[in-house]
Amino acid sequence: MDILIRDAKDKRDKLMQEITLLEKEIDDIDCTDNKAKNYNILKDVLHKHQLYIKHIRLCYLLLELYG
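Put into structure tokens, the structure is as follows:
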């Protein structure tokens, strides 16, 4: 049981770091580039962001169930 909680916390921490990196990617997008290119980059980054949020919610659910 403790292993599940530790793994969930580690996963949560890793995903939070990934989200921070994704937010930096969004901030670093050069607005002077082609708008279509920026849109595709932003769309990809936001999709990854949504997946990380879903995983973080799952980690918290595991912590609530087993913590």
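FYI, in my numbering the residues of the sequence shown are -9 to 57. Positions of the beta carbon are idealized from the N, C-alpha and C atoms, including for glycine. Please read these numbers as outputs of a predicted model, since none were measured by experiment.
Handout entry: Beta-carbon proximity check, CYS49 vs LYS4, cutoff 7 Å
Key = As a first step, residue 49 is located in the sequence shown; it is residue number 59 there, counting from the start. As a first step, residue 4 is located in the sequence shown; it is residue number 14 there, counting from the start. Not a contact, by the Cβ cut-off of 7 Å.
Problem - From LYS44, HIS45, ARG47 and LYS38, residue whose alpha carbon lies closest to that of GLU15 - result: Mapped onto the sequence shown, residue 15 falls at position 25. For GLU15, the nearest C-alpha among the options comes from LYS38.
Problem - N-terminal and C-terminal residue of the alpha helix (DSSP H) that ASN30 is part of - result: Start at 1 with the first residue of the sequence shown, and residue 30 comes out as number 40. 25 to 56 is the extent of the alpha helix (DSSP H) around ASN30.
Exercise for the section: Would you kindly report the start and end of the unbroken alpha helix (DSSP H) that includes ILE(-7)? Expected result: Within the sequence shown, the letter at position 3 stands for residue -7. Run containing ILE(-7): -8 to 18, per the alpha helix (DSSP H) assignment.
Exercise for the section: Please classify ALA(-2): is it buried, with 16 or more other beta-carbons within 10 angstroms of its beta-carbon, or exposed? Expected result: Translated into positions along the sequence shown, residue -2 becomes position 8. Its Cβ being crowded by 16 or more others within 10 Å, ALA(-2) is buried.
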